[in-house]
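Asks: Handing you a structure now.
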Amino acid sequence: MPAAVTGAFTRLKERVGEFSLPQKTLAVIGIAALVLGIVVATSWANRPTMSPLFSGLSGEDASAVVDQLTAAGITYELTDGGATVLVPAESVYDQRIALAAEGLPTEEGGYSLLDDMGMTSSDFQQQVSYQRALEGELAKTVRALDGVSTATVHLALPEESVFTETAPEPTASVFVQAETGKTIDSGSVQAVVNLVSSAVAGMDPLNVSVVDSEGAVLTTSPGGGGPDGATEYEERVAGQVQTMLNRVVGAGNAVVSVNAELGRDATQRTSETFTPAEGTPPLSETRSTEEYQGGGQAVGGVLGPDNIAVPNGDGAGNYTREDATTNNAVNKVTELTTVTPGGVTRQSVSVVVDSVAAAGITVEELEDIVAVAAGIDVERGDQVAVAQMAFDTSTADAAQQALDAQADAEAAAAAAAQRDALIRGGLIAVVLLVVLLAILRRARRGRNREDIDLGELEVSQLPAPEPFEPDTSILEPAPEMRVIEPDATEAARLGVVAMADEDPSAVADRLRQWMAVKQ
């Protein structure tokens, strides 16, 4: 080795040899922590980036995929309760192709069920397989929506029959489970309803029910005439009126209540209207004429006074009669009207406004704007009631005071906790600083002090101490007191101790020099 390297190692060895036992312990712990940190950082830096290989797997598919990855020697991780398999990002596509060649994961449901259908399958088997395939495809499509983790679709498809004039409508029920930390909003529910109803022929969107994993029904009959439909309509109208009044009189200064009655019966009405057609040639026309000519008394006539017949012909006995029948064309209009349940038959809106906030607005003006916002139809029997009165704000003021007091208490508690944390942190820092200073001082004393046997040193080798002379200017000794002169050996020892306390490094260097000279 070069002399510089050898010298460096020698100096390092000497410095380490000068360490005391606590210093050596601290040095070993520091080196171990440094090595551990390097190992952890290296392993973290060399860790591959994991990407999902498959998600939403069943237990059987997940087990088969893990077995194949283990046999191939691919590192994997399982998440989402074992339904998602993660592999290194650079191996995702290769492993997908390899697993697809093995038929993994197996597709449950979907149109793949129709691939293995034999030619000898019965109509019932074909119908059941088609229904299962359709349910599987719809479930996979619903699972593709954002926020949906699991989805299952059940269809009730009625059988077609030539012996019935009207067949029951198909229905569907959809089970959905949201992903962790997400919720399924009304827009996603409506998308599921439209998707399922459009995929099945003849299915009404009202016949699709969506249920979540907690058993809550996410679909309601929009305007369906039931309690849910009426409540939804009332909330929508009340929200519209409330929003408008908040802009006019301010938030919290108006209360809106809506009561709506929705029709629950489906009605069907047929009406026919006939109107004469002017200027149109008749559909059919018949005319007949009868004439008679002869002498003597005319045949026929009417009875006159005293039952004497009065002839209607002339004196020569001639007779004439004409008949005409005309069928004119007319316009005919047949109207068939079907009223579905859920229509609004009557509604009433009541509004109470704070008189202070609505000081510059009349009741008539409020009634007009509320009627327009709520869609009031007077001919239908709708009613609007608006009143101005002073609101009782004592409860709100008390609640606000309680909230303010709670906020102040929370702020004080937070400040006290922060202050305590600062004090505790300061105390810990002071204690650590004191301990650190004590360790450094002990380490320094351990380096500078060496085991010295004062008995081996001669007094002549030590610096001569200054003679002890009491300062009589400061304190005059009493007459009965005597000044005891210390002997030379004790004075020398005291001088060494004093010098060691004042400058231990200089004393240690001086002792090393004396020991070297003595040797």
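Each residue of the sequence shown is one higher than the one before, starting from 1 at the first, in the UniProt record's numbering.
Where a beta carbon is used, it is the ideal one built from N, C-alpha and C, also for glycine.
1. Closest to Leu436 by C-alpha separation, out of Leu26, Thr6, Thr395 and Glu14, would be which residue?
2. Say yes only if the C-beta of Val384 is nearer than 8 Å to one or more non-hydrogen atoms of the ligand MN, and no if none qualify.
3. Determine, using beta carbons only, whether Pro54 and Arg96 come nearer to each other than 9 Å.
4. Run the CB neighbour count on Gln406, radius 10 Å, all protein chains shown included, and call it buried at 16 or more, exposed below.
5. In the DSSP assignment, find the unbroken beta strand (DSSP E) run with Ser257 in it and report its ends.
6. Could you check where the alpha helix (DSSP H) with Val370 kicks off and where it finishes?
7. Kindly indicate the opening and closing residues of the beta strand (DSSP E) around Leu78.
8. Between which two residues does the alpha helix (DSSP H) containing Phe124 stretch?
9. Check Phe9 in the structure and name its three-state DSSP category.
10. Buried or exposed: Arg512, going by 16 or more other Cβ atoms within 10 Å of its Cβ?
11. In three-state DSSP terms, what is Leu155?
12. Quick one: Cα of Ser129 to Cα of Glu335, how far?
13. Under 7 Å Cβ to Cβ from Ile439, same chain only, skipping five residues before and after it: list those, please.
14. Under a Cβ-count criterion, where at least 16 other Cβ atoms within 10 Å of its own Cβ denotes burial, should Pro105 be classed as buried or exposed?
15. Can you tell me whether Leu34 is buried or exposed? The criterion is at least 16 other CB atoms within 10 Å of its CB, across all chains shown.
16. Report yes if the CB atom of Glu291 is closer than 9 Å to the CB atom of Asn331, and no otherwise.
17. Assign Asp509 to one of three DSSP states: helix, strand, or coil.
18. Anyone know if the C-beta pair for Val344 and Asn259 falls short of 9 Å?
19. If you drop the 5 nearest sequence neighbours on each side, which residues of the same chain put their C-beta closer than 7 Å to that of Val356?
20. Are the CB atoms of Thr267 and Thr338 nearer to each other than 9 Å?
21. In the DSSP assignment, the alpha helix (DSSP H) including Val351 goes from what residue to what residue?
22. In three-state DSSP terms, what is Leu244?
23. For Ala478, count the other beta carbons within 10 Å of its own beta carbon; 16 or more makes it buried, fewer makes it exposed. Which is it?
24. Mapping DSSP to helix, strand and coil, what is Ile474?
25. Need the endpoints of the alpha helix (DSSP H) that Ser213 sits in, please.
26. For Asp509, decide whether its Cβ has a neighbour in chain B, counting only Cβ atoms nearer than 9 Å.
27. Can Val148 and Gln177 be called in contact, C-beta distance under 9 Å?
28. Per DSSP, Met50 is paired with what?
Replies: In terms of the structure at hand:
1. Here residue 436 corresponds to residue number 436 of the sequence shown, with the count starting at 1. The shortest Cα separation from Leu436 among Leu26, Thr6, Thr395 and Glu14 belongs to Leu26.
2. This structure does not include the ligand MN; it has no bound ligands of any sort.
3. Numbered from 1 along the sequence shown, position 54 holds the residue referred to as residue 54. Numbered from 1 along the sequence shown, position 96 holds the residue referred to as residue 96. A small correction: the amino acid at residue 54 is Phe; Pro does not occupy that position in the sequence shown. Contact flag set, yes.
4. Start at 1 with the first residue of the sequence shown, and residue 406 comes out as number 406. Label assigned to Gln406: exposed.
5. One-based indexing of the sequence shown puts residue 257 at position 257. Segment Ala254 to Leu262, the beta strand (DSSP E) holding Ser257.
6. Here residue 370 corresponds to residue number 370 of the sequence shown, with the count starting at 1. Here the alpha helix (DSSP H) through Val370 covers Val363 to Ala374.
7. Here residue 78 corresponds to residue number 78 of the sequence shown, with the count starting at 1. Run containing Leu78: Glu77 to Thr79, per the beta strand (DSSP E) assignment.
8. Reading the sequence shown from its first residue, position 124 is the one you call residue 124. It spans Asp123 to Arg143 - the alpha helix (DSSP H) in which Phe124 sits, taken as one unbroken run.
9. Here residue 9 refers to the residue found at position 9 of the sequence shown. Correct three-state label for Phe9: helix.
10. Translated into the one-based positions of the sequence shown, residue 512 becomes position 512. Answer is exposed; the Cβ neighbour count stays below 16.
11. Residue 155 sits at position 155 when you count from the first residue of the sequence shown. Correct three-state label for Leu155: strand.
12. Numbered from its first residue, the sequence shown carries residue 129 at position 129. Numbered from its first residue, the sequence shown carries residue 335 at position 335. Cα to Cα, Ser129 sits roughly 44 Å from Glu335.
13. To locate residue 439, count along the sequence shown from 1; it is residue 439. Around Ile439: Pro22.
14. By one-based count along the sequence shown, residue 105 stands at place 105. So Pro105 counts as buried.
15. The residue you call residue 34 lines up with position 34 of the sequence shown. Its Cβ having fewer than 16 others within 10 Å, Leu34 is exposed.
16. One-based indexing of the sequence shown puts residue 291 at position 291. One-based indexing of the sequence shown puts residue 331 at position 331. The answer is no: Cβ separation not under 9 Å.
17. As a working mapping, residue 509 is identified with position 509 in the sequence shown. It is helical.
18. For the purposes of this step, residue 344 is taken as the residue at position 344 of the sequence shown. For the purposes of this step, residue 259 is taken as the residue at position 259 of the sequence shown. Contact flag unset, no.
19. Locating residue 356 in the sequence shown gives position 356, where the first residue counts as 1. Around Val356: Ala390.
20. Along the sequence shown, read from residue 1 onward, the residue named residue 267 stands at position 267. Along the sequence shown, read from residue 1 onward, the residue named residue 338 stands at position 338. In contact: Thr267 and Thr338 (Cβ atoms closer than 9 Å).
21. Looking up residue 351 in the sequence shown gives position 351. Per DSSP, Val351 belongs to no alpha helix (DSSP H); it is in the beta strand (DSSP E), Val344 to Asp354.
22. Here residue 244 refers to the residue found at position 244 when the sequence shown is read from its first residue. The sequence given here places Met at residue 244; Leu does not occur at that position. Reduced to three states, the DSSP call for Met244 is helix.
23. To locate residue 478, count along the sequence shown from 1; it is residue 478. With a pLDDT of only 45 at Ala478, under 50, the local geometry of the prediction cannot be trusted, and no value is derived from it.
24. The count along the sequence shown starts at 1 and reaches residue 474 at position 474. Reliability fails at Ile474, whose pLDDT of 42 lies under 50, so the model's placement of it is uncertain and the value that follows must be treated cautiously. Ile474 falls in the coil class under three-state DSSP.
25. Here residue 213 refers to the residue found at position 213 when the sequence shown is read from its first residue. Segment: none, Ser213 is in no alpha helix (DSSP H) and carries neither H nor E.
26. Protein chain content of the structure displayed is limited to a single chain, and chain B is not contained in it.
27. Walking along the sequence shown from the start, residue 148 turns up at place 148. Walking along the sequence shown from the start, residue 177 turns up at place 177. Contact flag set, yes.
28. Counting from one through the sequence shown, the residue named residue 50 turns up at place 50. Its beta-bridge partners are Pro88.
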